[in-house]
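In the working numbering, the protein residues as written are 4 to 213.
For every residue, glycine included, the Cβ atom is placed at its ideal position computed from N, Cα and C.
Quantities reported herein were computed from a predicted structural model and do not represent experimental measurements.
Structure follows, in structure tokens:
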């Protein structure tokens, strides 16, 4: 009939205006270790007692970053990636409700990073200069590792960051980049690193012209 034909000719109702789903925010946890973006990590090997703990923590950060691991899962995931010897060294503390940072500090003590030899590491850090062929990011990562040994523990975070900042600008071994970094007192250490990498990419001829 005519009513049926009119209904058939009516345009279909427009779908509701549903806003697109927002992309998840970038992973930001409490790991406190600066790393380059990670594309793909197949597996994380357990930390072995006596090996380089700071390198392991950098890899652990990358692993958690790539999987967007929630902060409340970091303590148990870290403990699960310790070998038997390293686990025995901190086992007496595990019945407490510890944060990730607290477990890292206990693990550092058990591995000897909090021994009374910080003066040695402070001296080595002050003497560490970027090699002419060394990338700025590689220099920063190594300097950051040394700062963790020179000023260990969460209670020395401000001192550690202040000294890392000063030694990074002073020992970057590039007068032009060093001068530009010193102009930006408002930047934090991560922003200074990004700026240094940008200036490094410009090359010496372009850099001398700014």
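- Boundaries of the alpha helix (DSSP H) harbouring residue 111: 103-113, taken from the DSSP string.
- The C-alpha of residue 197 lies about 30 Å from the C-alpha of residue 80.
- Restricting attention to 163, 140 and 166, the CA atom closest to the CA of residue 201 is found in 140.
- One alpha carbon belongs to residue 147, the other to residue 74, and they sit about 22 Å apart.
- Assignment of residue 85 by DSSP, reduced to helix, strand and coil, places it in the strand class.
- The residue among 66, 52, 48 and 129 with its C-alpha nearest the C-alpha of residue 154 is 129.
- If you draw a straight line from the Cα of residue 67 to the Cα of residue 163, it is about 24 Å long.
- Out of 145, 174 and 165, the CA that lies nearest to the CA of residue 190 is found in 165.
- Distances from the CA of residue 192 to each of 113, 169 and 182 were compared; the closest alpha carbon is that of 169.
- Annotation: residue 190 is outside any alpha helix (DSSP H) and is labelled neither H nor E by DSSP.
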